[in-house]
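**Q**
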Amino acid sequence: MADQCVIVSAKRSPFGKYLGALSETEPLELAAHVARSALSAAGKQIDREIDQIFVGNCIPSAFETGSVVGRQIGLKLALDVFTTTIDTACCSPLTALRMALWGMRLGELDAALILGVESMSRVPHFSRKLRAGVRVGPVELTDPLYPISYPGHRPVAVDASDGAEKYEVSRRMLDSFAMGSHLKWEQARLAGRFDDEIEPIRVRKQRREFLFSQDEMPRPDGSVAEIGLLAPVFGSKSTTPGNAPGLNDGASAMVIMRADKAAALKLPHLGTIVEQASATDTAEGISWIPALAVQRLLEKTGTAVDDLDLIEINEAFAAMPLVSTKILADGNPQKWLELLSKTNVNGGAVAIGHPVGASGLRIAMTLVYELKRRGGGQGVAAICGGLTQGEAVLIRV
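Heads up: the sequence shown begins at 908 in this note's numbering, then just goes up one per residue.
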């Protein structure tokens, strides 16, 4: 029990669309809001037990002062504990979770607050030439969000598309999976399956104040035929706005604790973090890196893929869950279908949205809440990150 770590609470904001409901909300306020919610859900005066804060964030320029983001959040919460801010692209919040897990297993930490936050609507354009002054002529501004790529590498959308082609995942399959994500989200929403994880937030948008309580991106009234009419982007063969998530805003928070500490405080918990694993591959391997991280995780724990009750693979593009589950099925068509039937059962990022620094915790909490709703079991949550890093976590309820 001393080595076991448990999830005491998990909360997230509704995810907003680009320039949508959360676009005028400071990411510092957004992160603090979900953190307070998670702390409150964990138990009375739980903030006194927090030893460290770990924050995943990919684009700190969205903050008014884009440095020591974690420390800014900690002080906003009046938690004067050490903070660590992590950028491993979309993997960031699961990397933050893994670092906290290390600290607990080393005996350095008893409890930690894990956060992921991103406000893509608030990422500024920038110029590298203005600081020295521009006396005459036009000024060039760069948009770090367009296209999403890295110097010397192709746009991520192209790598995802090529990965789908390599593993014989057709454009029609990508579009069908994407539409299914919206429909599954709608079914889950109507059934109240997101109620435990979403913490509504009061926001201001264009001088109007309102309570934002539901993910803003999903379009369950669409169709595969409509998605099929969209043209591929960034020179890719099959990646379109219809089978990719948007640019989104949102935050996620989780309180984790050593199991013996939680027991001593008589705190209930949502589930146990069994183990985590990371993986890397060539920069072009973005669509299959979740599978490699899951394979490493299953090997570490002696778990068979057939032993998994649920799977969450972040839909950075529809290619990721399709390609990764095909690899996990070892190419067996029937097994592939079986794995897909328990993957992202409440929809994924294509529908919900992908605020890049927050999604890793979102898929982990969606997994633990769904396992709990089903009466228990175990599952994995896995995510890809820019330049092909991957994170995976095994959770048991």
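Think of the CB as a built atom: it goes at the ideal place given N, C-alpha and C, for glycine as much as any other residue.
(1) In the DSSP assignment, the alpha helix (DSSP H) including residue 1078 goes from what residue to what residue?
(2) The alpha helix (DSSP H) with residue 1073 in it runs from where to where?
(3) Could you please give me the residues that DSSP links to residue 1018 through a beta bridge?
(4) How many angstroms separate the CA atom of residue 908 from the CA atom of residue 1075?
(5) Around the C-beta of residue 1041, are 16 or more other C-beta atoms found within 10 angstroms, so that it is buried, or is it exposed?
(6) For the beta strand (DSSP E) holding residue 959, just list the boundary residues, first then last.
(7) Taking Cβ positions only, does residue 1090 come closer than 7 Å to chain D?
(8) Can you tell me the Cα-Cα spacing of residue 1192 and residue 1066, whole angstroms?
(9) First and last residue of the beta strand (DSSP E) that includes residue 1178?
(10) Could you name the residues of the same chain whose beta carbon sits closer than 6 Å to that of residue 1268, not counting the 5 residues immediately before and after it, in chain order?
(11) How close, in whole Å, do the beta carbons of residue 939 and residue 916 come, if the pair is a contact with beta carbons under 8 Å?
(12) In chain order, which alpha helix (DSSP H) runs of at least 4 residues are fully inside the region 1222-1253?
(13) Which residue or residues does DSSP assign as beta-bridge partners of residue 917?
(14) Identify whether residue 1299 lies in helix, strand or coil by the three-state DSSP scheme.
(15) What's the gap between the Cα of residue 1206 and the Cα of residue 1271?
(16) Can you tell me the Cβ-Cβ gap for residue 980 and residue 993, rounded? I've got them flagged as a contact below 8 Å.
(17) Would residue 1132 be called buried (16 or more neighbouring beta carbons within 10 Å of its own) or exposed?
(18) At what residues does the alpha helix (DSSP H) containing residue 981 begin and finish?
(19) Do you know whose CA, among 1006, 974, 1123 and 1304, lies nearest residue 1286's CA?
(20) Measure the alpha-carbon distance for residue 1140 versus residue 1064 and round it to whole angstroms.
(21) When the Cα of residue 1120 is compared with those of 1127, 1105, 1092 and 1126, which residue comes out closest?
(22) Using beta-carbon positions only, say whether residue 1251 and residue 1095 come within less than 7 Å of one another.
**A** According to the structure shown:
(1) 1078-1097
(2) 1063-1073
(3) 1164
(4) The predicted position of residue 908 is uncertain, since its pLDDT is 49 and thus under 50; no value can be drawn from it.
(5) exposed
(6) 959-963
(7) Here there is only one protein chain, and chain D is not present.
(8) 7 Å
(9) 1178-1187
(10) 1000, 1023, 1159 and 1161
(11) Incorrect: roughly 15 Å between the Cβ atoms, too far for contact.
(12) If we require 4 residues or more, the alpha helix (DSSP H) runs fully inside the region 1222-1253 come out as 1226-1235 and 1240-1248.
(13) 1161
(14) strand
(15) 20 Å
(16) Not quite, the Cβ-Cβ distance comes to about 13 Å (not below 8 Å), so this is no contact.
(17) exposed
(18) Where residue 981 is concerned, the enclosing alpha helix (DSSP H) starts and stops at 976-983.
(19) For residue 1286, the nearest C-alpha among the options comes from 1304.
(20) In a straight line, the C-alpha of residue 1140 is about 7 Å away from that of residue 1064.
(21) 1105
(22) no
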